[in-house]
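Numbering follows the working numbering, in which position 19 of the sequence shown is assigned residue number 25; successive positions increment by one, without gaps. Virtual Cβ for every residue (Gly too), placed ideally from N, Cα, C.
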Amino acid sequence: MMASAVARHILVASEADCLTLKKQIEEGGSFAELAKQHSKCPSGAEGGNLGTFGPGQMVREFDEVVFSAPVGEVQGPVKTQFGYHLVEVTARTD
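Structural data, given as structure tokens:
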């Protein structure tokens, strides 16, 4: 079976915004609520949830983080062509 991951993210325009949100999450803020308020991705409405996907389905920089980062830890800022992401892998199968 191919590897797959379940992840959520928050997409913002600047690295500074990304770092501010990461700090809020580390201080106990809700990832899902912050995604709803701040994410520029349509997934923000779902708390940033991207569902299940396999390697190669997302842009490379995003993909590399999702398939290497520890599950349950917020990663970022991750820069892609879309902007800056905070990424949290919520589940992964190898």
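| Asked | Found |
| --- | --- |
| Taking 9 Å as the threshold (C-beta atoms), are Gly-54 and Ser-45 in contact? | yes |
| Does the structure place the stretch 20-37 close enough to the stretch 55-67 that three or more beta carbon pairs sit under 8 Å? | no |
| For Phe-73, which residues in the same chain have their Cβ closer than 6 Å to its Cβ, ignoring the five residues on either side in sequence? | Pro-61 |
| In whole angstroms, give me the CA-to-CA distance for Thr-96 and Ser-10. | 11 Å |
| Measuring from the CB of Ser-49, is there a heavy atom of the ligand HEM at a distance below 8 Å? | Summarising the ligand content, the structure contains no ligands, and the ligand HEM is consequently not present. |
| Short of 8 Å in beta carbon distance, which residues of its chain neighbour Met-8, apart from the five on each side in sequence? Order them along the chain. | Gly-60 and Pro-61 |
| What is the DSSP secondary structure of Ala-9, reduced to helix, strand or coil? | coil |
| Pick from Thr-99, Glu-67 and Leu-92: whose alpha carbon is nearest that of Gln-30? | Leu-92 |
| Shortest alpha-carbon distance to Gln-87 belongs to which of Ile-16, Glu-67, Phe-37 and Cys-24? | Glu-67 |
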